[in-house]
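Here the sequence shown stands for residues 1 to 384, numbered as in UniProt numbering.
Step one of this worksheet: look at the structure below.
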Amino acid sequence: MYGSSALPDGVNVVGTKWIFKNKTDDAGSIVRNKSRLVTQGYSQVEGVDFDETFAPVARLESIRLFLGMACILNFKVYQMDVKSAFLNGILQEEVYVAQPKGLKILHILSYVRGTVDKTLFTLEKKNEMMMVQIYVDDIIFGGTSEKLVENFVKSMTKEFKMSMVGELKYFLGLQVNQTEKGIFISQNTYAKNLLVKFGLDKCKEARTPMSTTTKIGKDEQGEDVDAKPKQSHLQAVKKILRYVKGTVNLGIFYSKGSNRNLAGYCDADWAGCADDRKSTSGGCFFLGNNLIAWLSKKQNSVSLSTAEAEYIALGSCCTQLIWMRQMSADYGMESGPFLVYCDNKSAKNPVQHSRTKHIDIRHHFVRELVEEKQGLIQALARGV
Numbered sequence: 001m002y003g004s005s006a007l008p009d010g011v012n013v014v015g016t017k018w019i020f021k022n023k024t025d026d027a028g029s030i031v032r033n034k035s036r037l038v039t040q041g042y043s044q045v046e047g048v049d050f051d052e053t054f055a056p057v058a059r060l061e062s063i064r065l066f067l068g069m070a071c072i073l074n075f076k077v078y079q080m081d082v083k084s085a086f087l088n089g090i091l092q093e094e095v096y097v098a099q100p101k102g103l104k105i106l107h108i109l110s111y112v113r114g115t116v117d118k119t120l121f122t123l124e125k126k127n128e129m130m131m132v133q134i135y136v137d138d139i140i141f142g143g144t145s146e147k148l149v150e151n152f153v154k155s156m157t158k159e160f161k162m163s164m165v166g167e168l169k170y171f172l173g174l175q176v177n178q179t180e181k182g183i184f185i186s187q188n189t190y191a192k193n194l195l196v197k198f199g200l201d202k203c204k205e206a207r208t209p210m211s212t213t214t215k216i217g218k219d220e221q222g223e224d225v226d227a228k229p230k231q232s233h234l235q236a237v238k239k240i241l242r243y244v245k246g247t248v249n250l251g252i253f254y255s256k257g258s259n260r261n262l263a264g265y266c267d268a269d270w271a272g273c274a275d276d277r278k279s280t281s282g283g284c285f286f287l288g289n290n291l292i293a294w295l296s297k298k299q300n301s302v303s304l305s306t307a308e309a310e311y312i313a314l315g316s317c318c319t320q321l322i323w324m325r326q327m328s329a330d331y332g333m334e335s336g337p338f339l340v341y342c343d344n345k346s347a348k349n350p351v352q353h354s355r356t357k358h359i360d361i362r363h364h365f366v367r368e369l370v371e372e373k374q375g376l377i378q379a380l381a382r383g384v
C-alpha cells in the first residue's frame, strides 16, 4: 500500500523509474510484457538510509552443479517464480531492502540451507531427496519423489502468489532440454539475438574466437579502450561474434548415470603476456563425466620457471575443487579425494631446488591436501 504524505525536513527523497521488459520463452518468443516501478537506490547512502541488503543470487557454477546432481539422482527439474517477491519482505527501517520472506518458509518446512551456497536448500526424507535453488525470485527445484515435489509446490503457493512455469526449459538465459539420457544446456537463442543486434547474423563464420598469430600488446600512451575503442578493437570483437555464429548450436550435456567423483584438469603457459611476462592459469572441473566449471586467469605474480607457473595453476584448481566438494556435501554426497590432472611433474613432485624454493607459501597448501589425502595429483603426458 502507498499514499501521499507531507515531506519531513531532511529526508532523502529516492527517485523512481519504470522498467519495461519483454518476457520470452526458450524459443525467444514473447510470452508477456512486464513493467516494474523501481527506486533509484544509487542516491541512498549506506549507513544512513540503509545498513544491509541481501538478495539470494546463485552462482552459475551452482546452477550447473544442481543440474549435474539432478542427472546423477535421475529426477526432473521444475521452475517457478515468486510474484512481486520483494513486496513480501518486511521492512525493518524506513528504507531497507530485506531478503524475501520465502527463504524463511523453507526453514519452516524443515529444509536445510547450504553451508557454502546460501541459495541452496535440501530436504532428505526416508531415503528421498528434494533440492531447491533460488535466484532472487526465480526458483528451480526437483526431487527423487513426486510427492515431495507436490508438497513443495503446495506449500509455496499457499504462502505466496506463485507463477508455476512447469518443467525447466529456460533459466538465466540458459535453454535447458531434459531427456531420458540427460540434460542439455545451451544459449542458442541468446547467441542468435546477439548476432542480430549487431547485424552479424549473416556473417562469415570464424573457426577461432581470435587470431592465433596476432600478438596484442599494451599501448602505454593510449586511452581507455572502453571509452575510446579503435578500429582494431572493433575488428577483434567482430571476430568473436563470427566465432559465436559458427557455434550457436553447441552446449553442455549432462549425462545420467554418471559417477560422483570430482576431477579437474589444469595447465599454464609460461610468461605468455608480452607486456609483463605473467603466466596464465587454465582449468576445467568435472562432477563425474559432467563439466561444471572452468577458469582462465592471468596469474598475479611473475613466475620464474614453468614449474612455478604450473604450481600456481594447480593451487587455483585445487581451490575450485574444494568448493565443489563442499557443495557436494550440502547435497548429502560423500566424496573421496578429488583428482587433479596436470602435465608438469615438477608441480606434482616439488623438490627444493632452484626452480621451486622461492614459490610463495600460499601455493604450498597443495602439498597439504595431498598429504592429508584430500586430493590426488596425476601427471599427464603432454598432448593428452
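Here a beta-carbon is modelled for each residue, glycine too, at the ideal position from N, C-alpha and C.
Can you tell me whether residue i is buried or exposed? The criterion is at least 16 other CB atoms within 10 Å of its CB, across all chains shown.
i    : result
A227 : exposed
L172 : exposed
L168 : buried
E368 : exposed
Q79  : buried
Q221 : exposed
T189 : buried
N249 : exposed
E372 : exposed
G336 : exposed
G257 : exposed
N290 : buried
F365 : exposed
S29  : exposed
V77  : buried
S279 : buried
I19  : exposed
D219 : exposed
E334 : exposed
E310 : buried
V176 : buried
L174 : buried
S316 : buried
L60  : exposed
So, under 8 Å CB-CB, residue i and residue j are touching, yes? Tell me the CB distance rounded to an integer number of Å.
i    : j    : result
I72  : G282 : The pair is not a contact, with the Cβ atoms about 26 Å apart (cut-off 8 Å).
F285 : G264 : 4 Å
I312 : C342 : Wrong, their Cβ atoms sit about 11 Å apart, outside the cutoff.
CA-CA distance, residue i and residue j?
i    : j    : result
L314 : Q320 : 10 Å
L304 : E223 : 31 Å
F66  : Q133 : 8 Å
N127 : Q235 : 56 Å
A379 : C318 : 15 Å
I63  : W294 : 14 Å
F121 : N259 : 23 Å
T144 : V302 : 49 Å
I240 : M210 : 6 Å
S296 : K154 : 43 Å
V82  : S186 : 25 Å
M130 : I292 : 20 Å
M324 : I183 : 20 Å
Y111 : L339 : 31 Å
Q99  : Y135 : In this predicted model, Q99 has a pLDDT of only 37, less than 50, meaning its place in the structure is not dependable enough to derive any value.
Q374 : E180 : 34 Å
T306 : C266 : 13 Å
D269 : K230 : 29 Å
G142 : F75  : 7 Å
L194 : N300 : 33 Å
S255 : K125 : 25 Å
Q326 : E205 : 41 Å
I139 : F160 : 13 Å
R58  : D137 : Here the sequence assigns Ala to residue 58, which means Arg is not the residue at that position. Spanning the two alpha carbons is a distance of roughly 11 Å.
K192 : K238 : 14 Å
N261 : H107 : 30 Å
T157 : A70  : 23 Å
N22  : L123 : 35 Å
R207 : F253 : 22 Å
I322 : K202 : 44 Å
Check whether the Cβ of residue i lies closer than 9 Å to any Cβ atom in chain C.
i    : result
E334 : The structure shown contains no chain C; it is built from a single protein chain.
- Task: Kindly confirm or deny that the region 237-247 and the region 268-288 touch, where touching means at least three C-beta pairs closer than 8 Å.
- Result: no
- Is the region 195-206 close to the region 159-173, with three or more CB pairs under 8 Å? no
- Task: Report yes or no: do three or more beta-carbon pairs, one from the region 145-158 and one from the region 204-217, lie closer than 8 Å?
- Result: no
- Task: At 4 residues or longer, and completely inside the region 181-245: list those alpha helix (DSSP H) runs for me, N to C.
- Result: Correct list: 188-197 and 231-245.
- Does the region 322-335 come within contact of the region 114-126, defined as at least 3 CB pairs closer than 8 Å? Verdict: yes, contact present.
- Message: To test your reading of the DSSP string, which unbroken beta strand (DSSP E) runs of 3 or more residues are found completely within the region 258-316?
- Response: Complete beta strand (DSSP E) runs here, min 3: 262-268, 280-287 and 290-298.
- What are the start and end residues of each continuous beta strand (DSSP E) run of 3 or more residues lying completely inside the region 107-181, in chain order? 120-125, 128-135, 138-143, 162-167 and 174-178
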